[in-house]
Structure formats: C-alpha cells, structure tokens
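Numbering (this note's numbering), first residue to last: 159 to 458.
Using N, Cα and C, we set each Cβ at its ideal position, and we do this for glycine too.
See structure below.
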Ligand code: ZN
C-alpha cells in the first residue's frame with residue numbers, strides 16, 4: 159500500500175469564535191502550514207482571509223503572499239481555493255490563480271474542481287428549518303468545469319476532482335475520457351456532517367464507502383477524504399485501511415471534543431493513527447510523486 163498523504167485544511171471560512179487557532183493572515187497561515195508540514199502534512203488547502211477581521215477575501219495579493227511564504231519554507235503541495243465560490247463565472251473564480259501562476263514563487267500546485275451543482279442551505283435541526291433564503295445554489299455547469307480544467311491545465315496547475323456524490327465520480331470519469339483530467343488522478347471525496355444534509359453523503363464510514371465503491375475498476379485514483387462539519391477520524395481509519403488518503407483541519411470542524419486543538423496537533427493525530435495502523439506517512443516529495451505532480455523546484 160502506498161504511503162499515506164495527509165492534507166491539512168487550515169481555515170475555510172471558519173471564525174475564531176469556536177476555535178481560536180484558525181489562521182487568517184498570510185503569515186499566520188504560512189506559520190501554521192510549516193508546523194503542519196513538519197508534523198507530516200504534505201498538502202495544504204487554504205482560503206485567503208482579511209488579516210484583521212477574518213472576512214473571506216478574494217484579494218489575489220493575499221493568496222500570492224500566502225503561497226510565497228509557504229514555498230520559502232517547505233515543499234508542501236499548495237492547493238488554494240478558488241475563493242468566493244459563488245462568483246458567477248469561472249474566469250472570476252480563477253483570476254487569482256492565473257495571476258499567481260505567472261510567477262514560479264507564487265504558482266500553486268493544484269486547485270479544487272467541485273464536480274457538481276448543488277443546493278447549499280444549512281439546516282438548523284433545533285429550529286427545524288433551513289437558514290437564510292433557501293435560494294443558495296453552488297453553480298458548476300459542465301461548461302464551467304470544462305473551462306476550469308482547460309485554463310488550469312494551460313498554466314500548469316492541477317485541477318483536483320472534488321467528488322461529493324456518485325454523479326461526481328462518474329463526471330470525473332467522463333472528464334478523464336475527454337482528456338480534461340488525467341491519471342494518476344488527484345482527487346477528494348467530501349462528506350458532510352449534521353446541518354449539511356443537502357450537500358452530499360453523510361460523514362460516516364457508510365457514506366464514504368458508498369463513494370469508494372464507485373471508483374472505476376483499474377482506475378489510478380489517489381483519493382483523500384474530508385469531512386465538513388464532523389470529526390473525520392473514523393473516516394481516516396477507513397481510508398488508511400483501504401489505501402486512501404486523509405484530510406483534516408480547523409476549516410472543516412472546530413474539534414471541541416478534542417479540546418480545541420491547533421492544525422498541527424490534528425496532523426499529529428492523523429500521523430499517530432497511521433503509525434498505529436502500520437501505514438507509513440508520505441513526505442511532501444513522496445506525495446508529489448504519487449499524484450504525478452512536479453517536484454517543488456519552483457517550476458510546476
Ligand atoms: Zn475550501
């Protein structure tokens with residue numbers, strides 16, 4: 159079995175109200191990423207945030223500064239978000255990536271391609287109602303996903319198939335057939351805790367296994383699993399046993415049940431679980447080789 163790749167998802171849109179360790183500024187993100195890399199993380203996913211308020215930001219300078227600071231200190235695979243996911247066009251969503259790719263010092267390795275369109279309203283169990291307008295749609299048309307793959311492939315940034323349901327798996331398979339994505343496929347299964355009922359499969363072993371069962375026979379897919387709004391460690395155990403890879407971080411869950419740890423402490427727990435189960439952990443260089451990414455030499 160190949161070595162375990164650990165992705166750290168440091169912040170998403172989480173605020174410090176629930177866990178005070180959520181990083182906002184480029185320096186805060188880069189410092190935590192360095193600690194996570196030393197602990198055993200080989201991929202980092204982050205969102206740019208306004209340094210003081212923590213508000214989500216689409217400022218390309220914040221994205222570029224974050225990647226620059228990370229690359230100065232380690233070879234972790236950089237996997238920034240497309241930013242404000244609700245922006246209407248793919249050109250707008252990818253503008254910061256295109257700008258960053260012009261300079262090897264700020265060029266990211268990979269970006270997420272969410273392989274679906276989905277209703278995205280949070281369900282409040284206590285109040286028995288969906289919050290907000292009930293009109294929230296995360297739009298990713300086939301044409302937008304094609305545009306995303308074509309533009310990222312053209313600038314040497316890997317589109318990562320983010321699969322939230324079985325249709326997403328089948329769509330990724332079609333994109334490989336069309337030459338828009340390629341194997342070895344860097345991909346991720348995203349599952350969801352309470353409140354995120356509309357988004358996709360539940361964050362349970364059964365929810366994950368239903369996805370894993372539909373990986374095409376013979377496919378060279380290297381999947382990570384992330385759990386939004388839930389403790390992911392039961393899924394980590396499954397993924398470690400099944401040859402998958404894992405993602406963890408304060409972006410997905412504040413971990414009150416673990417005493418509000420920091421991101422590096424969460425990575426340490428994933429490493430410890432892998433070691434306990436007898437699966438070695440990949441370095442960033444080894445993870446690059448598994449995904450077929452270029453070495454971290456500044457030229458992706
Ligand atoms: Zn994200």
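Note down the Cα distance separating residue i from residue j, rounded to an integer number of angstroms.
i: residue 448; j: residue 254; result: 27 Å
i: residue 297; j: residue 275; result: 5 Å
i: residue 395; j: residue 388; result: 15 Å
i: residue 452; j: residue 196; result: 21 Å
i: residue 349; j: residue 169; result: 17 Å
i: residue 292; j: residue 390; result: 27 Å
i: residue 301; j: residue 308; result: 10 Å
i: residue 457; j: residue 337; result: For residue 457, the predicted model reports a pLDDT of 42, less than 50, meaning its position is unreliable and no value from the coordinates is stated.
i: residue 399; j: residue 223; result: 37 Å
i: residue 363; j: residue 411; result: 17 Å
i: residue 286; j: residue 359; result: 20 Å
i: residue 215; j: residue 221; result: 9 Å
i: residue 245; j: residue 295; result: 11 Å
i: residue 335; j: residue 306; result: 16 Å
i: residue 261; j: residue 283; result: 47 Å
i: residue 181; j: residue 424; result: 14 Å
i: residue 361; j: residue 327; result: 17 Å
i: residue 414; j: residue 211; result: 23 Å
i: residue 252; j: residue 240; result: 6 Å
i: residue 372; j: residue 333; result: 16 Å
i: residue 374; j: residue 435; result: 26 Å
For residue i, which three-state DSSP category applies?
i: residue 379; result: strand
i: residue 303; result: helix
i: residue 345; result: strand
i: residue 316; result: strand
i: residue 281; result: strand
i: residue 180; result: coil
i: residue 391; result: helix
i: residue 424; result: helix
i: residue 294; result: coil
i: residue 453; result: coil
i: residue 233; result: coil
i: residue 163; result: coil
i: residue 384; result: strand
i: residue 168; result: coil
i: residue 205; result: coil
i: residue 372; result: coil
i: residue 333; result: helix
i: residue 360; result: strand
When the distance is taken between beta carbons, is residue j closer than 9 Å to residue i?
i: residue 218; j: residue 183; result: no
i: residue 339; j: residue 330; result: yes
i: residue 405; j: residue 234; result: no
i: residue 188; j: residue 238; result: no
i: residue 198; j: residue 426; result: yes
i: residue 440; j: residue 160; result: yes
i: residue 172; j: residue 409; result: yes
i: residue 203; j: residue 232; result: no
i: residue 377; j: residue 313; result: no
Using CA coordinates, which residue listed in the options is at the minimum distance from residue i?
i: residue 248; options: 279, 303 and 233; result: 303
i: residue 355; options: 278, 411 and 378; result: 278
i: residue 420; options: 352, 174, 401 and 263; result: 174
i: residue 365; options: 256, 343 and 392; result: 392
i: residue 317; options: 293, 357, 287 and 266; result: 266
i: residue 225; options: 346, 256, 263 and 245; result: 263
i: residue 368; options: 258, 172 and 323; result: 323
i: residue 299; options: 232, 272 and 212; result: 272
i: residue 431; options: 415, 414, 397 and 288; result: 397
i: residue 357; options: 429, 212 and 280; result: 280
i: residue 370; options: 434, 401, 407 and 211; result: 401
Contact check, residue i vs residue j under 8 Å by CB: the rounded distance?
i: residue 403; j: residue 163; result: 4 Å
i: residue 165; j: residue 382; result: 5 Å
i: residue 200; j: residue 385; result: Wrong, their Cβ atoms sit about 19 Å apart, outside the cutoff.
i: residue 380; j: residue 342; result: 6 Å
With hydrogens ignored, establish whether the beta-carbon of residue i is closer than 8 Å to any heavy atom of the ligand SAH.
i: residue 409; result: As presented, the structure is devoid of the ligand SAH, carrying the ligand ZN as its sole ligands.
Would residue i count as contacting chain B if we go by Cβ distances under 9 Å?
i: residue 346; result: Considering every chain present, this structure includes no chain B. It has just one protein chain.
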